[in-house]
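Numbering (the UniProt record's numbering), first residue to last: 1 to 137.
Report on one structure; see the data block that follows.
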Amino acid sequence: MVVLTKGELEQIALPAVQRASPPPPAAVPEVDLAAGDAAAARAVAKACEDHGFFKVTGHGVPQHLLARLEAAAAAFFALPQREKDRAAGCPFGYASKRIGANGDLGWVEYLLLAVTAAGAAAAPVSACEGAEPPCFR
């Protein structure tokens with residue numbers, strides 16, 4: 001019989017990363033999609049190539065929907081690991097992995113969702129059936 005005194009992820013020992021000084025803060029590139037033109041598409045591509053991420057403005061999604069999505073995501077990632085694992089899928093759904101060249105820099109978990117009706121139809125996240133929070137079903 002095995003008894004865990006900590007959660008599954010807390011059982012993983014990760015070495016502390018020693019730095020002489022903290023890294024400088026990075027500027028997050030912003031891309032305004034309001035015009036919906038080729039310049040915006042180029043800005044998205046450049047931000048992805050240069051930084052790997054960006055902040056979107058002018059997208060037209062109401063703030064109340066963004067707040068609901070953020071709250072649902074926070075609730076999902078606060079679930080016990082066993083519950084999150086029930087929402088695993090391929091290619092969409094929940095996944096987690098160790099990061100770093102040797103898996104020694106930490107742990108990342110993520111939830112991939114289809115963003116188009118065609119994508120959702122081609123690869124439904126059926127593994128999320130019964131998962132909480134229900135808005136991710």
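All C-beta atoms, glycine included, are put in the ideal place defined by N, C-alpha and C.
Predicted model only: the values in this text are computed from it and were never measured.
One question on the structure: do residue i and residue j come within less than 8 Å of each other, judged by their Cβ atoms?
i, j, result
"Gly-93", "Ala-87", "yes"
"Gly-58", "Leu-79", "no"
"Gly-106", "Ile-99", "yes"
"Pro-91", "Leu-112", "yes"
Just confirm the distance between the C-beta atoms of residue i and residue j, as a whole number of angstroms; I'd bet it's less than 8 Å.
i, j, result
"Val-31", "Phe-54", "5 Å"
"Lys-97", "Val-108", "6 Å"
"Pro-25", "Ala-47", "The Cβ separation is near 17 Å, so there is no contact."
Considering residue i, what are the terminal residues of the alpha helix (DSSP H) in which it resides?
i, result
"Val-44", "38-50"
"residue 138", "This structure cannot speak to residue 138, because the chain is shown only from 1 to 137."
Spell out the partners DSSP gives residue i in its beta bridges.
i, result
"Ala-88", "Tyr-94"
"Gly-106", "Ile-99"
"Leu-111", "Tyr-94"
"Glu-30", "Lys-55"
Going by DSSP, what residue range makes up the beta strand (DSSP E) through residue i?
i, result
"Thr-57", "55-57"
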